[in-house]
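Report on one structure; see the data block that follows.
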Amino acid sequence: MSDVSTAGNDWFVQLGGTPGARLALVCFPNAGSSASVFRPWRTEIPSEIELLAVQFPGRQKRIKEPPFRALGDAVEALLPAIDALAGRDMLFFGDCTGALVAYELIAALAAAGAAPPRHLIVSCCRAPHLPPRHQPLYALDDDALTGQIRALGFAPEWLLNDQRALKAFLPLLRCDFEMAEAYVCRRDAPLSVPITAIAGTDDRITPESDVDAWRAHTSRAFHFASVRGSHDLIQTQTREMMALLAQAMGGHHLV
């Protein structure tokens, strides 16, 4: 299946399942990534679910659009786009930075009187009220930023050793880091949406305790899951992630 924008806009890439299915799994990628990071999941999604991935500006078909530097701007732009999915059941899955965008988008939907997703699943992301554990990376020069992302294991070695690819990647990554690192949660009331929070046992960027702290952000059911792995669970632990998503989806068979 080819990547095609759905619902008449560039925000969502349809990666698997049946277009227009009653239940949509909407995925928000992490910093520096694009919608295609969820491509491997397409073979695990049953036909009765549509797998959609958010495509932020500055990557793939939106490469000529400037990336966001403020998380609030991303949510403001996404809010009307999500109207294309109105009337359908949705689950939001956010990985790292994408989890914070998904969280704020749910709050914006509630404020607008729109129906929220029926579940929020977050992976390898600190709870919104917690500050980043590391120094702000977005203000570092290229050499220092490269050193930090190598130390944290944030990017593959092939990318860090390819100067041409790295030169193109760093400005986008810096904007995404600024979006997350400058973000401040100003919300006291928890979401009225169940939350599943997934942590990697060996994650050097986001420890399990920071992920478990998401429990403070829902007035509904909360489930914490620890998966053996690092900060790249969506790529390295597909089977375990699919099992957890199946639970959140109410038992849909994904593996």
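Under the numbering used here, the sequence shown has 137 at position 144, and the numbering climbs by one with no breaks. Ideal Cβ placement from N, Cα and C applies to all residues, glycine included.
Hey, quick one: how far does the beta strand (DSSP E) through residue i stretch, first residue to last?
{"i": "C20", "result": "16 to 21"}
{"i": "A206", "result": "No beta strand (DSSP E) contains A206, which DSSP labels as neither H nor E."}
{"i": "V177", "result": "Unbroken run through V177: none, as it is neither H nor E."}
Per DSSP, residue i forms a beta bridge with which residues?
{"i": "T211", "result": "L184"}
{"i": "G10", "result": "E43"}
{"i": "A115", "result": "One detail in the question is off: residue 115 reads as Val in this sequence, not Ala. DSSP lists G87, A190 as partners of V115."}
{"i": "D169", "result": "According to DSSP, which records beta bridges pairwise, D169 is partnered with nothing at all."}
What are the start and end residues of the alpha helix (DSSP H) that includes residue i?
{"i": "D136", "result": "135 to 145"}
{"i": "Q228", "result": "226 to 229"}
{"i": "A257", "result": "The structure shown has nothing for residue 257, since the chain only spans -6 to 248."}
{"i": "E41", "result": "Premise fails: E41 is in no alpha helix (DSSP H) and is neither H nor E."}
{"i": "V68", "result": "64 to 74"}
{"i": "L153", "result": "150 to 153"}
Excluding sequence positions up to five away, which residues of its chain have a Cβ less than 7 angstroms from the Cβ of residue i?
{"i": "A158", "result": "L152"}
{"i": "D3", "result": "Q48, K54, R55"}
{"i": "R180", "result": "A100"}
{"i": "Q141", "result": "L130, L133"}
{"i": "P59", "result": "P50, G51"}
Which whole-angstrom value is the C-beta distance of residue i and residue j, which I expect to be below 8 angstroms?
{"i": "A74", "j": "F170", "result": "Going by Cβ atoms, the distance from A74 to F170 rounds to 23 angstroms, so no, they are not a contact pair."}
{"i": "A218", "j": "L238", "result": "Their Cβ separation, rounded to whole angstroms, is 11 angstroms, which puts A218 and L238 out of contact at 8 angstroms."}
{"i": "P187", "j": "H112", "result": "5 angstroms"}
{"i": "A70", "j": "L8", "result": "Going by Cβ atoms, the distance from A70 to L8 rounds to 21 angstroms, so no, they are not a contact pair."}
{"i": "G193", "j": "S223", "result": "5 angstroms"}
{"i": "I198", "j": "F147", "result": "7 angstroms"}
{"i": "A77", "j": "I42", "result": "A77 to I42, Cβ: 17 angstroms. No contact."}
{"i": "L138", "j": "P110", "result": "So it is not a contact: roughly 34 angstroms between Cβ atoms."}
Under 6 angstroms Cβ to Cβ from residue i, same chain only, skipping five residues before and after it: list those, please.
{"i": "G87", "result": "F21, A95, V115"}
{"i": "G1", "result": "Legend: pLDDT at G1 = 45, less than 50; position of this residue unreliable, value from coordinates given subsequently. The answer is none, since no qualifying residue turns up."}
{"i": "V68", "result": "E97, L98, A101"}
{"i": "S212", "result": "P183, S185"}
So, for residue i: in the same chain, excluding its five sequence neighbours on each side, which residues have a beta-carbon less than 8 angstroms away from its beta-carbon?
{"i": "L72", "result": "L98, A101, L102, A105"}
Three CB pairs or more closer than 8 angstroms across the stretch 94 to 111 and the stretch 26 to 44
Taking 8 angstroms as the limit for Cβ pairs, the verdict is that the stretch 26 to 44 does not touch the stretch 94 to 111.
Touching by the beta-carbon criterion (3+ pairs, under 8 angstroms), the stretch 221 to 240 and the stretch 116 to 132:
yes
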